[in-house]
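To start, the structure itself, in structure tokens.
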Amino acid sequence: MDLVKMRDPRILEDGWIPPSSYASLREQSIKRGIRVPIEEKKDISPSFLQRQKKIVVLVNEGTASSAEVFASSLRDNGRLVALVGAKTYGKGLIQHTFRMSDGGGLRLTVAEYLTPALVSF
Numbered sequence: 022m023d024l025v026k027m028r029d030p031r032i033l034e035d036g037w038i039p040p041s042s043y044a045s046l047r048e049q050s051i052k053r054g055i056r057v058p059i060e061e062k063k064d065i066s067p068s069f070l071q072r073q074k075k076i077v078v079l080v081n082e083g084t085a086s087s088a089e090v091f092a093s094s095l096r097d098n099g100r101l102v103a104l105v106g107a108k109t110y111g112k113g114l115i116q117h118t119f120r121m122s123d124g125g126g127l128r129l130t131v132a133e134y135l136t137p138a139l140v141s142f
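Rendered as structure tokens:
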């Protein structure tokens, strides 16, 4: 998959891979006992932090709600992050559905996501 993305990164834009696939693949890997070794770094020196590479986070109009919060949190907290792609969905709202006694429902906006820089979506 990485080789495919390196050869043609537009593959993600064209909807060839559903947005939920990455999470789904990870979940299936965990269920099957596939483990990826993680290198633990106990002593993080200033020189180690200076050598860190920039992270590129792909976003588009399908990036919504908590995914927008996650991406903007990385960007606004001074991490080496570049948000690349199209404008995100811009939902930024937290909604709750209240069930009614007659079987109906009422959906209300109960909160709004803000970026760490206190900007709404």
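In this note's numbering, the protein residues as written are 22 to 142. Here a beta-carbon is modelled for each residue, glycine too, at the ideal position from N, C-alpha and C. Keep in mind it's a predicted model, so treat the numbers as computed, not measured.
- The alpha carbon of L79 has as its nearest neighbour, out of P137, Y134, T109, S141, the alpha carbon of T109.
- Residue burial annotation: A132 is exposed, with fewer than 16 other C-beta atoms found within 10 angstroms of its C-beta.
- Across the structure, M121 and P137 are spaced so that their CA atoms are roughly 35 Å apart.
- The C-beta distance from A103 to K75 rounds to 6 Å, short enough to meet the 8 Å contact threshold.
- Apart from the 5 residues on each side of it in sequence, L101 sits with its Cβ closer than 8 Å to the Cβ of Q73, K74, K75, I76 in its chain, given in chain order.
- Beta bridge pairing from DSSP links T136 with no other residue.
- The C-alpha of S94 lies about 30 Å from the C-alpha of F119.
- Excluding residues up to 5 positions away in sequence, A107, Y110 lie with their Cβ nearer than 6 Å to the Cβ of E82 in the same chain.
- Around the Cβ of T84, a 10 Å sphere holds 16 or more other Cβ atoms; the residue is buried.
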